[in-house]
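Following this note's numbering, the numbering of the sequence shown begins with 706 at its first residue and continues without gaps. Ideal placement from N, C-alpha and C gives every residue a C-beta, glycine not left out. Data block below; observations after.
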Amino acid sequence: MKPGGRTVTAAVAVAAHRPFSVRDVELEQPRHDEVLVRMAGTGICHTDLICRDQWFPVPLPAVLGHEGAGVVEETGTGVHDLDPGDRVVLSFNSCGGCRACASGRPAYCAGFLAHNFAGTRPDGSTPLREGQLPVHGAFFGQSSFAGHAVVARRSVVKVDTHLPLELLGPLGCGLQTGAGAVLNSLRCEPGSSIAVFGAGAVGCGAVMAAVAAGCATVAVVGRNASRLSRAKSVGATHTIDATDTDPVAELRALTGGLGVDYSVEATGAPQMLRRAVDCLAQEGICGLLGAAAPGTEVALDMSGLLFGRQVRGIVEGDSTPSVFIPALLDLYRRGRFPFDRLISLYPLGQINRAVADMRDGHVVKPVLTFLGGPA
Ligand code: CXF
Ligand code: ZN
């Protein structure tokens, strides 16, 4: 480790399907285009779990975590637009130079995998080690399952809010994914209808955004009664439990037989994607948000698609985080994006319980907090 590094407590993903191991690792000082952030809170996202479990082959051992929020403690020599003390939300990383980045679509960065999923910085280095052994890091430019993180400048969004910082991390991934799909990608019109498949944080982000956009029908399809009632509490007009009901028939009944104008698939399950397409009206659009294991296939009805229906994949809600996260905070201030109702807090040491609670469905968005972190 270079002089000036520090020891931090982190949740280390050690092997697929094994619990996270909470222990001390060494963290380098920030390089010229990085900042050191003291973490207040980090959300747990389904993507952290599928990376630990090697659906996406992030090399292990690794510190994951990509919904961090905290306070800047140090800035690299090339970072001139952030200062120690700044309150920040952390989001995905991107190269800044490819055609997608240059045209304001960083979620489709040509280097997205290298900047988010490699377990290293794009140059192959990692800021983390344990004794002499490297620990993979730089996950989504942050690896924020740790009390401090060295974060890529492009992953950092400065925020101006008096909300408790530990609540803000999920804006950097799950919430912006769901909300951005509705507001940036589909651009649902006032009076339109939308079906949201999945009542987790991404689905609830879509629900809140659809209500804010003025959708007349915001139906949520799920399999967990407590999650469905949470979705209702943030504005869903209808809930459909897919364990005992055919959601396509229900959605057609709700829309006079026509089908919905929009749907979003936020579960990653192929049978749900099929339903999210089958419930569309002619010319309706389905946004695919849920991550499935590479190679997962789905059968679609070709004659249904022929009548103007579309399916499109959407990463991170098509958002430019430095623009969209402040916009979501503004919606929150106006009472139109009550995301804090979705969050349950756990100390970092309870990460495995938080994962279990998220998986069994009684918690929508667990957020890890850090002992001695900022309030
Ligand atoms: C991910 C989902 C899988 C594709 C890349 C982006 N978003 C965050 O969890
Ligand atoms: Zn995520």
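Supposed contact pair VAL856 and VAL730 - C-beta distance, whole angstroms, cut 8 Å: Within the sequence shown, the letter at position 25 stands for residue 730. Within the sequence shown, the letter at position 151 stands for residue 856. Not confirmed; about 16 Å, so no contact.
Can you find the residues in the same chain that come closer than 6 Å, C-beta to C-beta, to ALA904, ignoring five residues on each side of it along the sequence? As a working note, residue 904 is residue 199 in the sequence shown. Only VAL925, GLY927, ARG932, LEU933 and ALA936 meet the Cβ criterion.
I need the straight-line Cα distance from LEU1073 to SER830, nearest angstrom please. Reading the sequence shown from its first residue, position 368 is the one you call residue 1073. Reading the sequence shown from its first residue, position 125 is the one you call residue 830. Taking the straight line from one Cα to the other gives about 26 Å.
Any idea if ASP1065 is buried or exposed, counting beta-carbon neighbours within 10 angstroms, 16 or more meaning buried? Here residue 1065 refers to the residue found at position 360 when the sequence shown is read from its first residue. Exposed: under 16 other Cβ atoms inside 10 Å.
Between GLY846 and ligand 2, is there a pair consisting of the residue's CB and a ligand heavy atom that are separated by less than 7 Å? The count along the sequence shown starts at 1 and reaches residue 846 at position 141. Incorrect: GLY846 has no Cβ contact closer than 7 Å to ligand 2.
For the region 851 to 869 against the region 772 to 789, do three or more pairs of beta-carbon atoms, one drawn from each stretch, fall closer than 8 Å, so that the two count as touching? yes
Please work out which residues of its chain come closer than 6 Å, Cβ to Cβ, to CYS878, disregarding the five sequence neighbours upstream and downstream, and give them in chain order. As a position in the sequence shown, residue 878 is number 173, starting the count at 1. Taken in chain order, the residues that qualify are CYS750, HIS771 and GLU772.
With distances taken from CA atoms, which of TYR813, GLU970 and PRO952 is nearest ARG804? Residue numbering aside, residue 804 sits at position 99 when the sequence shown is read from its first letter. Per the Cα distances, TYR813.
Local conformation of THR960 per DSSP, three classes: Your numbering for residue 960 matches position 255 in the sequence shown. Residue state, collapsed to three classes: coil.
Starting from the C-beta of THR714, find all residues in its chain whose C-beta is less than 6 Å away, skip the five residues before and the five after it, and write them out in chain order. Against the sequence shown, residue 714 aligns to sequence position 9. If we look at THR714 and ignore the five residues flanking it on each side, its Cβ neighbours are ASP729 and GLY852.
Assign VAL1060 to one of three DSSP states: helix, strand, or coil. Looking up residue 1060 in the sequence shown gives position 355. In this structure, VAL1060 counts as helix in the three-state DSSP scheme.
Are the region 938 to 947 and the region 965 to 972 in contact at 8 Å, needing three or more beta carbon pairs? no
Endpoints, alpha helix (DSSP H) assigned at THR825: Residue 825 sits at position 120 when you count from the first residue of the sequence shown. No alpha helix (DSSP H) holds THR825; DSSP gives it neither H nor E.
Listed in chain order, which residues are found with a beta carbon closer than 5 Å to a heavy atom of ligand 2? CYS750, THR752 and CYS878
Just to confirm, does THR782 get its C-beta within under 7 Å of one of the non-hydrogen atoms of ligand 1? Sequence index remark: in the sequence shown, residue 782 carries index 77 (1-based). No, since every heavy atom of ligand 1 falls outside the 7 Å radius drawn around the Cβ of THR782.
First through last residue of the alpha helix (DSSP H) which encompasses ILE990: The residue given as residue 990 occupies position 285 in the sequence shown. Careful: ILE990 lies outside any alpha helix (DSSP H), inside the beta strand (DSSP E) at 985 to 993.
Any heavy atom of ligand 1 closer than 7 Å to the CB of THR882? Numbered from its first residue, the sequence shown carries residue 882 at position 177. Yes, since a heavy atom of ligand 1 falls inside the 7 Å radius drawn around the Cβ of THR882.
PRO1071 and SER1049: beta carbons closer than 8 Å? In the sequence shown, residue 1071 corresponds to position 366, counting from 1. In the sequence shown, residue 1049 corresponds to position 344, counting from 1. Going by C-beta atoms, PRO1071 is nearer than 8 Å to SER1049.
Under 8 Å, do PRO1043 and MET913 count as touching if we go by C-beta distance? Locating residue 1043 in the sequence shown gives position 338, where the first residue counts as 1. Locating residue 913 in the sequence shown gives position 208, where the first residue counts as 1. It is a contact, given that the beta carbons lie within the stated cut-off.
Output needed for ASP1045: all residues of its chain with C-beta closer than 6 Å, excluding positions within five of it in sequence on either side, in chain order. Looking up residue 1045 in the sequence shown gives position 340. For ASP1045, where only same-chain residues beyond five positions count, the Cβ hits under 6 Å are LEU872.
DSSP three-state label for LEU1036, please. Counting from 1 along the sequence shown, the entry for residue 1036 is found at position 331. Three-state result, LEU1036: helix.
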